[in-house]
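These notes are about the structure you will find just below.
There are 2 protein chains.
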Amino acid sequence: MPRAMQSVWAGGTYNFEAMNSGDRVPSIEQIRRAAERIGPYVHRTPVLTSNVINELAGAEVFFKCENLQRAGAFKARGATNAVFSLTDDEALRGVATQSSGNHGAALARAAGLRGIPVTVVMPGNALAIKKRAVAGHGARIVYCEPTPQARDEALAEVAARTKAVVIHPFDDPRVIAGQGTAALELFEQVGDIDTVIAPVGGGGLLSGTALAARSLRPDARVFGAEPRNVDDAWQSLKTGRIMPSTGKASIADGLLSTLGKLTFPIIRDHATGIITVGEESIVGAMRLVWEHLKLIIEPSAAVAVAALLARHDEFQGRRVGIILSGGNVDPDKLPWA
Amino acid sequence: MPRAMQSVWAGGTYNFEAMNSGDRVPSIEQIRRAAERIGPYVHRTPVLTSNVINELAGAEVFFKCENLQRAGAFKARGATNAVFSLTDDEALRGVATQSSGNHGAALARAAGLRGIPVTVVMPGNALAIKKRAVAGHGARIVYCEPTPQARDEALAEVAARTKAVVIHPFDDPRVIAGQGTAALELFEQVGDIDTVIAPVGGGGLLSGTALAARSLRPDARVFGAEPRNVDDAWQSLKTGRIMPSTGKASIADGLLSTLGKLTFPIIRDHATGIITVGEESIVGAMRLVWEHLKLIIEPSAAVAVAALLARHDEFQGRRVGIILSGGNVDPDKLPWA
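Top line first, the protein sequences correspond to chains B and C. Just add 37 to wherever you are in the first sequence, counting from 1, and you've got this note's numbering. Just add 37 to wherever you are in the second sequence, counting from 1, and you've got this note's numbering.
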């Protein structure tokens, strides 16, 4: 990772390198405080079940419906916690991020709720629906070329000029604590869950989920689910160091990020393992949820359901919680059409 | 309506003509008892909101998600209440109905839960997914020609031979009381609702909704929503007598039935009015719910959302509950594909 990018993401008031590990890894108390802080601004999403899916999996499965979350994804939790964690002085400077997806919209929404400026760097070729979602919350959009380098440079420029606090989409303890509130709620809503599956891209959701679940139930098993086409989290755990995303494509376009300096060690230390699944099984799982849960989920969320069905050995007879991470799907572009 | 059909539907232990009006119109106490009776077997479905839809409607809108109900529709409520209302002697004889849609699956499921025989008369050309849903609950299926007369004759034959209790899909007080539990829950879940919209086909859901809502809040306004192509409920209220469904097609294929002898006077006396909507606005409302609530709803459910958006004058500034009646949609046959 180029040094410039690190300094941007660590910018504003937050510098990962300067903190000790205890400050960087959210505690269950911090996750509980995050839940209180974001409570007025996000949904306590429902937990749904399907007898058909239970039978297919040979397990009792509890779906935590973050696709029904504000702005259509769990990202609202982390972004809202980050924005409402800022001191008044920090808030005056506003926030900034780069995102072509759900994090940008979630941060724009949170900043709007607090009434502070927000800038989102987006590639010019981002989907119109994503641009509208960000602009609709009153964010300033800075367009850039669709390359990681161009995005980092544009964000660095914004941060230098505006002094905005940069909120990383996943490698930030405030964001991770916020994402962990989904699993915290799940354990409050359903007793005796012994296994949790969450999709893994950059690892913010999986980190928060693992920290919450293992704090609440030390023997809980927490799995990340990842497309086989972009199995960098699996590779990273196997090799013991952060492996870059291969650049291959997956229908689960929310899971293309590489693990971060903060999320990698959390996942290494607290997750049970990573399960990888093929593209066809992701599409099949998406349809299955549609037909039996009547929920729109995006392919990235379906990856966790595909993992459930791929590994009978791990889940049979268990009480399994699955974080359905988001539901932002273009109705005109269904993967089976 | 031919006399033979009346006698079949009124058959088994239930004869509408022999009862006085007080027995035939469920009271709020009967709806509350239905809620207790079916509680172990159906979901208490969540209520969801969308800021975008609130803005479009100029109202605060609360969606009661019966698409997330067991078997994918509110029909589970009425069928379960009917089956579990039977005496042990009646139950021994089993139940029967005719249905090409959700009622058949819901009755089959309820009978399976009570462990009693169930026969469903279906047209041979019913969708394979519907046949599987009925058969999957262990029902005996009797196939017939796809005409009302053939269905009635087949059901009469089944009832005569098996002595099964015939459970009408809507014109039955036990079914109406069961459907009314959705509105009962909605009022428990959300305070201060002043307006409710439910789709109307045969009128079981609208009858139960109107009885529950007006009992809980006498000044509540309760609207039925109906496709303009099959506006027989609207015509019936206008003319003061049951008008037959015209036979025209609508994408909202769950709303093609004509009002019944029981549902018509309930709707006449307790509903505020019927709102009719065009086919394009139904499809648009279905997409809107998809995009902003992340829910799969069937076109019949979208009719109520289309009614909300069609009549600003009625709903502006109100707190509106909408019964999203079901979510049984074929993923390969989307109306906008």
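Backbone N, C-alpha and C fix where the C-beta goes; we use that ideal spot for every residue, glycine too. These figures come from a predicted structure and were not determined experimentally.
Review point. Closer than 7 Å, Cβ to any Cβ of chain C: which residues of the stretch 339-367 of chain B, in chain order?
Key: G364
Practice item. Kindly indicate the opening and closing residues of the beta strand (DSSP E) around T313/B. Key: G310 to V314
Exercise for review: For D229/B, I'd like the list of residues in its chain whose CB is within less than 6 Å of its CB, leaving aside the five on either flank, ordered along the chain.
Suggested key: R356
Practice item. Could you tell me whether any Cβ in chain C is nearer than 8 Å to the Cβ of A257/B? Key: no
Review point. Fully enclosed by the stretch 238-277 of chain B, which beta strand (DSSP E) runs are 3 residues long or longer?
Key: 258-264
Point to revise | Selection of the stretch 83-96 of chain C by Cβ proximity to chain B, strictly under 9 Å | key: Listed by position, the residues of the stretch 83-96 of chain C near chain B (Cβ gap below 9 Å) are P83, L85, T86, N88 and V89.
Review point. Can you tell me whether DSSP reads Q67/C as helix, strand or coil?
Key: helix
Check your understanding: Start and end of the alpha helix (DSSP H) containing T156/B?
Key -> Segment V155 to P160 is the beta strand (DSSP E) holding T156/B; no alpha helix (DSSP H) there.
Review point. If you measure beta-carbon to beta-carbon, which residues of the stretch 326-338 of chain C are closer than 7 Å to chain B?
Key: Listed by position along the chain: W327, E328, K331, L332 and I333.
**Study point:** Distance CB(T295/B)-CB(P206/B) smaller than 8 Å
**Key:** No.
Exercise for review: With DSSP as the reference, please indicate the residues paired to A235/B in a beta bridge.
Suggested key: G261/B
Practice item. Taking the CB atoms as reference points, tell me whether P210/C and P302/C lie closer together than 8 Å. Key: no
Point to revise | Meets three-Cβ-pair contact criterion under 8 Å: the stretch 67-76 of chain C and the stretch 114-124 of chain C | key: yes
Check your understanding: With 16 as the cutoff for other CB atoms within 10 Å, does P281/B come out buried or exposed?
Key -> Burial is judged here by how many other beta carbons sit within 10 angstroms of a residue's own beta carbon; P281/B has fewer than 16 and is exposed.
Check your understanding: Is the Cβ-Cβ distance between I213/B and G238/B less than 8 Å?
Key -> no
Review point. If we count the other Cβ atoms within 10 Å of its Cβ and call it buried at 16 or more, is A165/B buried or exposed?
Key: exposed
Check your understanding: Thinking just about the alpha-carbon of each residue, which of M159/B, I65/B, V84/B and T283/B is nearest to the one in L330/B?
Key -> V84/B
Check your understanding: DSSP three-state call for V202/B: helix, strand or coil?
Key -> strand
Check your understanding: When you compare each of K275/B, I333/B and P154/B to R130/B by their alpha carbons, which one comes out closest?
Key -> P154/B
Review point. Hey, T246/B and V233/B: beta-carbon distance below 8 Å or not?
Key: yes
Review point. Along the chain, where does the alpha helix (DSSP H) that runs through R169/B open and close?
Key: A165 to G173
Practice item. Using only alpha-carbon positions, find the residue among W327/C, V342/C and L123/C that is nearest to D367/B. Key: W327/C
**Study point:** Candidates L221/B, V259/B, A249/B and Q216/B: closest to D231/B by CA position
**Key:** V259/B
Point to revise | Whole-angstrom distance between A143/C and V189/B, CA atom to CA atom | key: The amino acid at residue 189/B is misidentified as Val; the sequence shows Asp. Each residue's Cα considered, the two are about 55 Å apart.
Practice item. Using only alpha-carbon positions, find the residue among V157/B, E316/B and G215/B that is nearest to V203/B. Key: V157/B
Point to revise | Span of the beta strand (DSSP E), counted from its first residue to its last, around K101/B | key: Looking at the DSSP string, the run of the beta strand (DSSP E) that includes K101/B is E97 to C102.
**Study point:** Strand pairing of G363/C, partner residues [DSSP]
**Key:** Residue pairing by DSSP places G363/C opposite A110/C in a beta bridge.
Exercise for review: Report yes or no: is there a C-beta of chain B within less than 8 Å of the C-beta of W373/C?
Suggested key: yes
Exercise for review: Could you check what DSSP says for V357/B in three-state terms: helix, strand or coil?
Suggested key: strand
Practice item. Let me know the secondary structure DSSP gives G297/C once reduced to three states. Key: coil
Point to revise | Residue range of the unbroken beta strand (DSSP E) whose run includes I178/C | key: R177 to C181
Exercise for review: Please confirm if R324/B has its CB atom under 8 Å from at least one CB of chain C.
Suggested key: Answer yes: the Cβ-Cβ gap between R324/B and chain C drops below 8 Å somewhere.
Exercise for review: Report the residue ranges of all beta strand (DSSP E) runs contained in full by the stretch 115-144 of chain C; include only those spanning at least 3 residues, in chain order.
Suggested key: 132-135
Review point. Grouping DSSP H, G and I as helix and E and B as strand, with all else coil, what is V79/B?
Key: Coil at V79/B, not helix or strand.
Check your understanding: Taking only beta-carbon atoms, is L150/B less than 8 Å away from chain C?
Key -> no
Review point. Should V132/C and A201/C be called a contact, given that it needs their Cβ atoms to be closer than 8 Å?
Key: yes
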